[in-house]
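As C-alpha cells, the structure follows; a few thoughts come after it.
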Amino acid sequence: MEEASMPLRSKKRMMKQLQCSERTTQLVELPLDILLNILSRLPTRSLFSLLCVSKTLRSLIDCPSFAHEHSQYIATTNYEDLDPSHVMVLTNSQLITLRALNPLSPFSEFAFDISNSLRNGFNLKLVSYGLLLFNKKESTTNDQALLLLVNPLMGEVLNLPPPPTTIFYEALPPRWNYELYGMGYDAMTSSHKIVRLSRPGPKHDLVAQIYELGTGSSSSWRQISSVPPPSCCLSSKNCVSAYGNMHWLVNGFSSDLEFRILSFDFKREEFEWTPHTNLPDFGKRSVLHLINFRGRLAIVDVTAISSPKNSHHHDQIEIWVMKSYKNFTWEKKYAVEIDLHPCCMKSWETPFRFHGVGPGSVGAWEHGIFLRDITSTKSKNMVVFLDVDSGGIRAVQVGSSSMSDCDDLMPINVFSYTGGYISLRKYGDLMEAETGERNFFSVGKMMQRSMLTRYCFEVRV
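With my numbering, the residue at position 70 of the sequence shown is 68, and numbering never jumps.
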C-alpha cells in the first residue's frame, strides 16, 4: 500500500516544485531594468501583442522609461533585423491612404486613412522610427506652415508647432528652393529631435533649425550654426534614417562632391561626411541609391538597369552594406543579376519597358529591395520586388487596379516602413477626429485586413 502511494506523493511533490519554479521565473517578477531591457529588444509586432497579454506588461510598455530604452536600442543596433521592412503606399489627394504591399507577411495588411476636406493636401517629408512627417502643400507667406507627425500603427496624429515664418520665392530654381527635414534620437538627452533645412531667400544661406519633441511652442525651433556645404544638392527623396542619425546621398556641382553621404549627428547637432566604399569603376556608376537595408546603411547600384548605355560594364544590381558605423567599413553584400525585359516576365508582371530608376524609387523590404520606374507615365505606379537571396523577381501595380479608379491621377509615394512604438501622446495633445463641414483631419487607426487574393503573390519563382 505504501509502495503504491509513493508515485502519487512524488507526483504531487514534482507538481509543487514546478509551480514554485514557474512563480520564480515569471517575466514580470524580474528586476525592472532587466525586464525593460528584454522588452526593448522585441519586434514591434511582439510589443503590440503584449499589450493584450496583461495589464502589468501594458503599463510597463506604455511608461516613458520604456520608450527611452526602446528608442536607444533602435538608435544603437540593427533593429530592422528584428522588424523587417514593409512596403507602404501613400496617395496624396483629398484622401491620404496608407496601405501595405508586403505580400508575404499578414502583419503588413493594414490601411490608414486621413481625410482632408481642405483639398490642399500634404507632402510626406520623412519616415523615421515608425513616424511619418507631413507638411501642408502650397504654404503662403500669410499661412502658418502646418507640420503633422503621424504614427500609423497607433492611429496618432500630433500637430507640431510651426517653425518661424519663412518666405519662399517661386522664382528660385529648384536647386535653391527646398525645405528638408530629418529626424533622429539623442541618446544623451533621451529625446527625439527634428532638423529642418531651408533657404529664406535667393541671397540667403542655408538655415538649419532643431526642434525637440515635446517642447511645445514655435520658439522651441532654435537655429544652429552647422549647415551643409553650399555646393551640396540635397533631396528629401534620398534621406535615410539609421544609427539614430539622418543621412543623405548627395551630389554637388563640383567633381569632388559627387555621390557622397552627408549625415546629421543629433547628439552633436552637426552635419558631417560619412565615408563610403570606393566602388570599382565608380565614375561609371551613375545611378546610386542610399537605403536602410536591414538596419544598416546601404548603397544600391542600379546603373545596369537604369542606363542601358552603361549596362555592358556590369549587368547586375549590387548592394554595398556598411558593416560598422564606428569604423565606416563596407562590404559588397549582394550582386544579383536582373533582367526586366518583357520576354523574361509575364505581361502582367512588368511594364513593357523599364525606363529608369529615379530618386527615392529604391527601397528595402523583408526579402530584398523594391524598384520603381517613376520616369515612365505608363509604369510609374509599378513596383518591382527583388528577392536578393533567390533572385526571384515579381511586380505589382499600385495604381488604379489595386486602389481606386482615380488613383493613377494622384501622386503616389512608395516607401519602406518598419513600424515603431513611439507614442505621440506624451509629446502633446493629439488631433482628434471631428465630424461636419469643418472637418479638417480625421484619423482612422490602422486595422488588419485580408488583402484580396490577386494582390498577394509568391516572390520565390
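We put the CB at the ideal spot given by N, CA and C, even for glycine.
Of the residues T213, T54, A65 and P227, the one placed nearest L40, counting alpha carbons only: Along the sequence shown, read from residue 1 onward, the residue named residue 40 stands at position 42. With distances taken between Cα atoms, L40 lies closest to A65.
Simplified DSSP state of I59, which is helix, strand or coil: Within the sequence shown, residue 59 is the residue found at index 61, counting from 1. I59: helix per DSSP, three-state reduction.
Where the alpha helix (DSSP H) through T42 begins and ends: Position 44 of the sequence shown, counted from the first residue, corresponds to residue 42. It spans T42 to L48 - the alpha helix (DSSP H) in which T42 sits, taken as one unbroken run.
Exposure of M181, with buried meaning 16 or more beta-carbon neighbours within 10 Å: The residue you call residue 181 lines up with position 183 of the sequence shown. The residue in question, M181, is buried, as its Cβ has 16 or more Cβ neighbours within 10 Å.
Between the CA atoms of P227 and F269 - distance to the nearest angstrom: As a first step, residue 269 is located in the sequence shown; it is residue number 271 there, counting from the start. As a first step, residue 227 is located in the sequence shown; it is residue number 229 there, counting from the start. The straight-line gap from Cα to Cα measures roughly 9 Å.
Distance, L295 Cα to M472 Cα: Residue 472 lies beyond the stretch modelled for the chain, which goes from -1 to 459, so this question has no answer here.
Cut-off 7 Å between Cβ atoms - residues of its own chain near K265, not counting five sequence neighbours on either side: One-based indexing of the sequence shown puts residue 265 at position 267. Taken in chain order, the residues that qualify are D184, A185 and M186.
C-alpha distance - V148 paired with P29, whole-angstrom precision: Position 150 of the sequence shown holds residue 148. Position 31 of the sequence shown holds residue 29. Near 33 Å, if we compare the C-alpha coordinates of P29 and V148.
For P161 and H365, the rounded distance between their alpha carbons: Taking the first residue of the sequence shown as position 1, residue 365 is located at position 367. Taking the first residue of the sequence shown as position 1, residue 161 is located at position 163. If I take the Cα positions, the gap works out to 39 Å.
Inter-residue Cα distance where the pair is N290 and K134: Sequence index remark: in the sequence shown, residue 290 carries index 292 (1-based). Sequence index remark: in the sequence shown, residue 134 carries index 136 (1-based). Looking at the two C-alpha atoms, the distance is approximately 26 Å.
Helix, strand or coil at I336 [DSSP, three-state]: Sequence index remark: in the sequence shown, residue 336 carries index 338 (1-based). Coil, per DSSP.
Residue nearest to S414 in terms of C-alpha spacing, selected from C237, F46 and P159: Taking the sequence shown and counting its residues from 1, the one referred to as residue 414 is at position 416. Nearest Cα to S414 within the set C237, F46 and P159: C237.
Assigned exposure category for V87 - 16 Cβ within 10 Å defines buried: Your numbering for residue 87 matches position 89 in the sequence shown. That one is buried.
Sequence-distant residues of the same chain with beta carbon closer than 6 Å to D60, five excluded per side: Residue 60 sits at position 62 when you count from the first residue of the sequence shown. Excluding sequence neighbours, D60 sits near nothing in its chain.
Distance CB(E210)-CB(K191) smaller than 7 Å: One-based indexing of the sequence shown puts residue 210 at position 212. One-based indexing of the sequence shown puts residue 191 at position 193. Yes, these two residues count as a Cβ contact at 7 Å.
Counterpart residues of E154 in DSSP-defined beta bridges: Taking the first residue of the sequence shown as 1, we reach residue 154 at position 156. The partner list for E154 (beta bridge, DSSP) reads N149.
For I315, the nearest candidate out of S322, V334, N325 and S196 (CA to CA): Position 317 of the sequence shown, counted from the first residue, corresponds to residue 315. Closest by C-alpha distance to I315, out of S322, V334, N325 and S196, is V334.
Reduced DSSP secondary structure (H/G/I, E/B, other) of N325: As a working note, residue 325 is residue 327 in the sequence shown. Coil at N325, not helix or strand.
Per-residue DSSP class, three states only, for C404: One-based indexing of the sequence shown puts residue 404 at position 406. Residue confidence is low: C404 scores 43 on pLDDT, short of 50, so the model does not pin down where it sits. No coordinate-derived value is stated.
Integer-rounded CB distance, given that G418 should sit under 8 Å from Y71: Numbered from its first residue, the sequence shown carries residue 71 at position 73. Numbered from its first residue, the sequence shown carries residue 418 at position 420. Incorrect: roughly 12 Å between the Cβ atoms, too far for contact.
Nonlocal neighbours in the same chain, by C-beta distance under 7 Å from L130, ignoring five residues either side: The residue you call residue 130 lines up with position 132 of the sequence shown. Closer than 7 Å at Cβ, skipping near neighbours: L122, V148 and P150.
Under the three-state DSSP convention, the category H68 falls into: By 1-based counting over the sequence shown, the position of residue 68 is 70. Three-state result, H68: helix.
V225 to L204 span [Cα, whole Å]: In the sequence shown, counting from the first residue as 1, residue 225 sits at position 227. In the sequence shown, counting from the first residue as 1, residue 204 sits at position 206. Roughly 7 Å separates the two Cα atoms.
Spatially closest choice to G293 from N243, S223, M380 and Y425, by CA coordinates: Position 295 of the sequence shown, counting from 1, holds the residue named residue 293. Of N243, S223, M380 and Y425, the residue nearest in Cα terms is N243.
Straight-line gap, M380 to L247 (C-alpha atoms, nearest Å): Taking the sequence shown and counting its residues from 1, the one referred to as residue 380 is at position 382. Taking the sequence shown and counting its residues from 1, the one referred to as residue 247 is at position 249. Answer to the nearest angstrom: the Cα atoms are 24 Å apart.
Whether F463 touches L286 by CB criterion (7 Å): Missing from the structure shown is residue 463; the chain here goes from -1 to 459 and no further.
Bridge partners - I483, DSSP secondary structure assignment: Only positions -1 to 459 of the chain appear in the structure, and residue 483 is not among them; the question remains open.
Identity of the residue in P82, I32 and R43 nearest L58 by Cα: Translated into the one-based positions of the sequence shown, residue 58 becomes position 60. With respect to the C-alpha of L58, the residue from P82, I32 and R43 having the closest C-alpha is I32.
G361 burial status per 10 Å Cβ neighbour count (16 or more: buried): Here residue 361 is taken as the residue at index 363 of the sequence shown, counted from 1. Buried, since its Cβ has 16 or more Cβ neighbours within 10 Å.
Same chain, Cβ closer than 6 Å to D403, neighbours up to 5 away in sequence not counted: Counting from 1 along the sequence shown, the entry for residue 403 is found at position 405. Unreliable positioning characterises D403 in this predicted model, as indicated by a pLDDT of 41, which lies under 50. The coordinate reading is nonetheless provided below. So the list is empty, once near-sequence residues are dropped.
For D387, the nearest candidate out of Y332, S83 and M152 (CA to CA): Working through the sequence shown from its first residue, we reach residue 387 at position 389. For D387, the nearest C-alpha among the options comes from Y332.
Cα-Cα separation between V193 and Y241, rounded to whole angstroms: By 1-based counting over the sequence shown, the position of residue 193 is 195. By 1-based counting over the sequence shown, the position of residue 241 is 243. The alpha-carbon atoms of V193 and Y241 are separated by roughly 16 Å.
Enclosing alpha helix (DSSP H) for G38 [first to last residue]: On the sequence shown, position 40 is the one that residue 38 refers to. Per the sequence shown, the amino acid found at residue 38 is Ser instead of Gly. Here the alpha helix (DSSP H) through S38 covers L30 to S38.
Contact under 7 Å by Cβ, I317 with V298: Against the sequence shown, residue 317 aligns to sequence position 319. Against the sequence shown, residue 298 aligns to sequence position 300. Yes, these two residues count as a Cβ contact at 7 Å.
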